[in-house]
Structures are given as structure tokens and as C-alpha cells.
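Visitor:
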Amino acid sequence: MKNLKFYFKFIIYYLTNNIISSKDIGKSFDRISNNYDSIYLKQIINSSTPMLDEIINKLQSNTKEDLNILDLGCATGFNSNYIYSKLKTGTYILVDISKGMLNNAKSNCDFNCVFVESDMLAYLNKCSDNSMDVIICSYAISYNCPKKIIKECCRVLKNGGFFGVIDNLKGTLPELKKLYPKLLVNHQDLVNKLIVKLPYSRNEYFFEKMFVDNRFNRINLKSDSHMLNFNNKTILCDFLCTSGILSPLDSAIDLEHPRVKFTLANLLDYYNINNLTHKYIWGSFRNDK
Numbered sequence: 633m634k635n636l637k638f639y640f641k642f643i644i645y646y647l648t649n650n651i652i653s654s655k656d657i658g659k660s661f662d663r664i665s666n667n668y669d670s671i672y673l674k675q676i677i678n679s680s681t682p683m684l685d686e687i688i689n690k691l692q693s694n695t696k697e698d699l700n701i702l703d704l705g706c707a708t709g710f711n712s713n714y715i716y717s718k719l720k721t722g723t724y725i726l727v728d729i730s731k732g733m734l735n736n737a738k739s740n741c742d743f744n745c746v747f748v749e750s751d752m753l754a755y756l757n758k759c760s761d762n763s764m765d766v767i768i769c770s771y772a773i774s775y776n777c778p779k780k781i782i783k784e785c786c787r788v789l790k791n792g793g794f795f796g797v798i799d800n801l802k803g804t805l806p807e808l809k810k811l812y813p814k815l816l817v818n819h820q821d822l823v824n825k826l827i828v829k830l831p832y833s834r835n836e837y838f839f840e841k842m843f844v845d846n847r848f849n850r851i852n853l854k855s856d857s858h859m860l861n862f863n864n865k866t867i868l869c870d871f872l873c874t875s876g877i878l879s880p881l882d883s884a885i886d887l888e889h890p891r892v893k894f895t896l897a898n899l900l901d902y903y904n905i906n907n908l909t910h911k912y913i914w915g916s917f918r919n920d921k
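To convert, count from 1 in the sequence shown and add 632; that's this note's numbering.
(1) Does the segment 682-691 come close enough to the segment 710-723 to have 3 or more Cβ pairs within less than 8 Å?
(2) From V817 to N800, what distance separates their C-alpha atoms?
(3) Suppose you measure from the CA of L789 to the CA of D821; what does that come to, to the nearest Å?
(4) Name the DSSP bridge partner or partners of H910?
(5) Any idea which residues DSSP pairs T723 with across the strands?
(6) Quick one: is G709 buried, meaning 16 or more other Cβ sit within 10 Å of its Cβ, or exposed?
(7) Helix, strand or coil, according to DSSP, for S916 in the structure here?
(8) Residues in its own chain within less than 6 Å of N744 by CB, not counting five upstream and five downstream?
(9) For N757, which residues in the same chain have their Cβ closer than 8 Å to its Cβ, ignoring the five residues on either side in sequence?
(10) Below 8 Å, how does it come out for the segment 835-847 and the segment 667-676: are there three or more Cβ pairs, yes or no?
(11) Just to check my reading of the structure: L872 and L896 have Cβ atoms closer than 8 Å, yes? What is that Cβ distance to the nearest angstrom?
(12) Specify, as a first and last residue, the run of the alpha helix (DSSP H) that D742 falls within.
(13) Alpha carbon to alpha carbon, what distance is there between C786 and S760?
(14) Using alpha carbons as the reference points, say which of A884, K893, L853 lies closest to D870.
(15) Could you have a look at L887 and say whether DSSP puts it in helix, strand or coil?
(16) Whose CA, out of D765, S855, S770, lies closest to the CA of D920?
(17) Per the DSSP calculation, E749 is bridged to which residue(s)?
(18) Starting from the Cα of F661, find the closest Cα among I798, Y755, S774, M733 and give me that residue.
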């Protein structure tokens, strides 16, 4: 009976278009923005730097001093900060839908930056053709339609411009697969939006195809995984509730609600989950339109 009520509730949400939006996701990241670097970024930072290094290597031979570098879904500004620390040049446009993330990015990036609070696709739609030399998108492209983002990036990038992307793979965090439905069914009274699965790529072939179909040439591409390790289940539970790694789930239900957090802790204990397997893919591409 509990399951039937849950599915009926989701049908009502679907029919009334009460579905998680990009604004909802932005608000969820507002809530965790002040702890993002210390809780989330430190766990995934090593997965991000190879893609950035690949782009930096391509740019270091570029003698232009007026590079326009667009950082989509910039979060707290790590990508732009990292690139600038190596190049010491360029104009950086940091775009994020989360005001909280942008405020932290402003504190972290004290070089030549422009900060824009916007949905990624909405911002790209306003950009002029051939206006960017580089576009970076780290763990954000699937919050919009990736194919639409890539198509717009092709238009906005100059001929020969570079696009660096890293994203989760479908099947990431497999340890948690059994937890999601139990958490939602047990606390359906707290679920306030219909959850939509993010369109993560299944493997390298499907990831690359999106770019090739939009006239990008691959420079490098790699899928990988690494373990997120925690000293105990309490720390793991806190990480899941406050890091944003379960987005967009945290836009549909308050993971820090005492009842939800208590159930999550019990489920982690029941399934004996101590660590998480993070599966991801990154690619660097050149725009040869």
C-alpha cells in the first residue's frame, strides 16, 4: 500500500508538472555552497585535474593574451582558479545557477573574472558565435540536456577552440542503488518534487558520439573510477547529506531532515556500506567546424 501511494503521488506530480527544475537544483547547491570545497571537492579533485591539465597543455603554446575562457557550472571556481594558476592570463567567465556557489567563486578567484548567475544553456543561448577560446564544464553538463549544451558550445567556440568536460558515468555510486527507493518510499510525505534521472553517458562510445555529432574532434578521452573512502558510516552519512553528490535527489527531499538522515544512516548500516565507487568520464575536444 505504501508503494502504491508513492507511485500515485509521483503520477500526480508528473501530471501537474511538479518536476525538479534547474532553479531547484540551484537552490540545493546554495544550501551546501559554504561547505562544498571542504566536503565534496576534496573527494573528487583528483578526478578533475587530468582534464584541466590536458586543456592547459594545449593553451600553453598559444601566444594570445586575450583568451576568453568560459567555465560552465563553475561551482566555487576551482577550474578557473586552477587554469589561471598555470597560464596567468585570460578573461574568465564563470557561470553557475547557484548564487551561493558564485559568491564563493568570487572569494576564490581574484583575477580577471566575470561572474554570471544563470542556467548554463540559457547563458549559452545569449552568447555570440565564435566568442570563446575555451569552454570548461566539470560535473555539470548533465544538469541540462548534454546534446543541447554541446551544440551551443560548438557555435560559441571559435574554430580551433577547446572544450574540456568531465561528468559522472551512468552507474556511478552503485552501492547506493538499493537505498534510493527505500528512502523515498519511507518518507514520501517529505518528497515534494518528481525526480528525473540525469542523462549520464553509459560508456566512452556514447559520450564521445555527442561531441563528434557536433563537429568536435577528440583530443583525449578516458573513463575511470575511484573509491571515496570514509572513516566511519557517520562521516559517510554526513557526506551524502551535505555534499551535493546525491543531486538532484536533494532537490526532491531534504536529506538533512532528522527522519531522513536517521533512515539513511540505518540503511548504510543494514547494507554495510562504508565506501563509494565514483565512476566518471572526461574528454578534451577541439572545435574544427
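Backbone N, C-alpha and C fix where the C-beta goes; we use that ideal spot for every residue, glycine too.
Guide: According to the structure data:
(1) yes
(2) 25 Å
(3) 46 Å
(4) H858
(5) N700
(6) buried
(7) strand
(8) T723
(9) E784
(10) no
(11) 7 Å
(12) Looking at the DSSP string, D742 is not in any alpha helix (DSSP H), and its letter there is neither H nor E.
(13) 11 Å
(14) K893
(15) coil
(16) D765
(17) D728
(18) M733
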